[in-house]
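Residue numbers (UniProt numbering): 1 to 432. In what follows, a single structure is set out as structure tokens and then discussed.
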């Protein structure tokens, strides 16, 4: 395929691949679950619908924390609690430990650098002697311990693994991905994402460090130079709804940590007006009438990047929730938020609803972001037969988007102005 072997960590979530291969001849995880029985299978299944992958921290005791992948964030953070090992299961070189977390002051494998990150109320910093993901061991990875956090309460993941440029960090610390490259663990300084919009699929997607997967996209690749080495920001030529121009000569970032597509308030208001949307202050999203309007009455939304158009059709940008008994509500996934870069330019955040349809490659050496049409571009959710009265779609309501973070309901918090690989162990795991 591309010189990397697939390490299927969980049956239903993001597959993390390393190029060149680090794990060879590995059985798919779903086969492992079948052989090991339901006890561990049920435990893992609790985590199966989130976009995470295990990250091992420490040199002497292998610990597995589950982290969301976010490319506009850089370092590692976790909440400090006493390490408690009750039971462990080993597979693919990883160790499962329940009721575990990390306290840097008592773990001798950590270099405690005692740094305060005042903007975010981070209290302690540290350096991990060895950090592993799928067998690739990164040495001397900087992280920080989080003692106070807003916006992630109740999340299944323990934190965030950031993949942004080192320039975002407080003192120039390098991200886990950058260290993989500089320490010679991957052949290319790139990482790539395939996201699957079908929540019922066996695999939720694929993250590759050091390569890309041609089987996950079709057609040619569009290469876009990064304008600011921070959040992978790039210039965007225009945004339009049907034949109506919404903006021109703007900026954008592609963010796997944001579920929605976020844009400057005035531009999203114009876009939503072209869709005949109505702002809902509770969700901070725009509702549209899908009860009396036909699906064909909704125009396409087009993002032009360079000379290439990236089109989202109506069912690709509508989020439908509820059922016939409670009533269906149709939202557009375009959310207003005035985020600005270091030059004061407002920019768009192209989150999961864009990345579901377009394969993405991030090249830190050549300072560019690449897009191609995903093999999932044509997948569409089925919707209730009471909606879009002149259309033929039937039977099922698409689920609430749960692969992003809390930005679905708090669009102003799509990312914070910091640069951290975050590992936040905010709750204990239940016993197996």
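Glycine included, each C-beta is placed from N, C-alpha and C at the ideal position.
Item: Can you tell me the Cα-Cα spacing of residue 258 and residue 349, whole angstroms?; Value: 8 Å
Item: Residue 176 and residue 191: beta carbons closer than 8 Å?; Value: no
Item: What residue range does the alpha helix (DSSP H) around residue 310 cover?; Value: Residue 310 -> not in any alpha helix (DSSP H); beta strand (DSSP E) instead, spanning 308-312.
Item: Please go through the same chain and pick out, in chain order, the residues whose beta-carbon is closer than 6 Å to the beta-carbon of residue 364, but skip the five residues on each side of it.; Value: 189
Item: In terms of DSSP beta bridges, what is residue 235 paired with?; Value: 251
Item: What residue ranges within the stretch 165-228 form continuous beta strand (DSSP E) runs of no fewer than 3 residues, ordered along the chain?; Value: 190-195, 205-209, 217-225
Item: What span of residues does the beta strand (DSSP E) with residue 361 cover, start to end?; Value: 358-363
Item: Using DSSP with H/G/I as helix, E/B as strand and the rest coil, what is residue 242?; Value: coil
Item: Determine the closest residue to residue 304 out of 371, 344, 386, with distance taken between C-alpha atoms.; Value: 371
Item: Please state whether DSSP places residue 324 in a helix, a strand or coil.; Value: coil
Item: If you count every other CB in all the chains shown that lies within 10 Å of the CB of residue 174, and 16 or more means buried, which is it?; Value: buried
Item: Give the straight-line distance between the Cα atoms of residue 162 and residue 385, rounded to the nearest whole angstrom.; Value: 41 Å
Item: Considering just the uninterrupted stretch of the alpha helix (DSSP H) at residue 354, what are its terminal residues?; Value: 352-355
Item: Cβ atoms of residue 333 and residue 353: under 8 Å apart, would you say?; Value: yes
Item: Within 10 Å of its beta-carbon, does residue 323 have 16 or more other beta-carbons around it, so buried, or fewer, so exposed?; Value: exposed
Item: Please state whether DSSP places residue 377 in a helix, a strand or coil.; Value: coil
Item: So, helix, strand or coil for residue 346, using DSSP?; Value: strand
Item: What is the DSSP secondary structure of residue 22, counted as helix, strand or coil?; Value: Bear in mind that a pLDDT of 30 at residue 22, under 50, signals an unreliable position, so the model cannot answer this.
Item: For residue 382, does the count of other Cβ atoms within 10 angstroms reach 16, so buried, or fall short, so exposed?; Value: exposed
Item: By DSSP, does residue 272 sit in helix, in strand, or in coil?; Value: helix
Item: Go ahead and label residue 292 buried or exposed: buried means 16 or more other beta carbons lie within 10 angstroms of its beta carbon, across all protein chains shown.; Value: exposed
Item: Could you give the distance in angstroms between the alpha-carbon of residue 205 and the alpha-carbon of residue 193?; Value: 7 Å
Item: In or out: residue 119 buried (at least 16 other Cβ within 10 Å) or exposed?; Value: With a pLDDT of 36 at residue 119, under the threshold of 50, the predicted position of this residue should be treated as unreliable, though the coordinate-derived value follows. Counting Cβ neighbours within 10 Å, residue 119 comes out exposed, since fewer than 16 surround it.
Item: Could you pull out every residue in the same chain whose Cβ sits closer than 7 Å to the Cβ of residue 179, ignoring the five residues on either side in sequence?; Value: 138, 141
Item: Helix, strand or coil: how does DSSP classify residue 104 here?; Value: Any reading at residue 104 must be qualified, since the residue scores a pLDDT of 34, below 50, and its modelled position is unreliable; no value is offered.
Item: Note down, in chain order, each residue of its chain lying with its Cβ closer than 6 Å to the Cβ of residue 165, except the 5 sequence neighbours on either side.; Value: 229, 230
Item: Verify whether the separation of the beta carbon atoms of residue 306 and residue 375 is less than 8 Å.; Value: no
Item: First and last residue of the beta strand (DSSP E) that includes residue 389?; Value: Unbroken run through residue 389: none, as it is neither H nor E.
Item: Would DSSP call residue 332 helix, strand or coil?; Value: strand
Item: Taking the beta carbon of residue 286 as the centre, do at least 16 other beta carbons fall within 10 Å, making it buried, or is it exposed?; Value: buried
Item: Grouping DSSP H, G and I as helix and E and B as strand, with all else coil, what is residue 296?; Value: helix
Item: Taking only the alpha-carbon atoms, compute the straight-line gap between residue 310 and residue 184 and give it to the nearest angstrom.; Value: 35 Å
Item: What is the rounded straight-line gap between the Cα of residue 338 and the Cα of residue 302?; Value: 20 Å
Item: Starting from the C-beta of residue 274, find all residues in its chain whose C-beta is less than 8 Å away, skip the five residues before and the five after it, and write them out in chain order.; Value: 241, 242, 244, 246, 299
Item: Can you look up residue 137 in the DSSP assignment and give me helix, strand or coil?; Value: strand
Item: What are the start and end residues of the beta strand (DSSP E) that includes residue 285?; Value: 285-288
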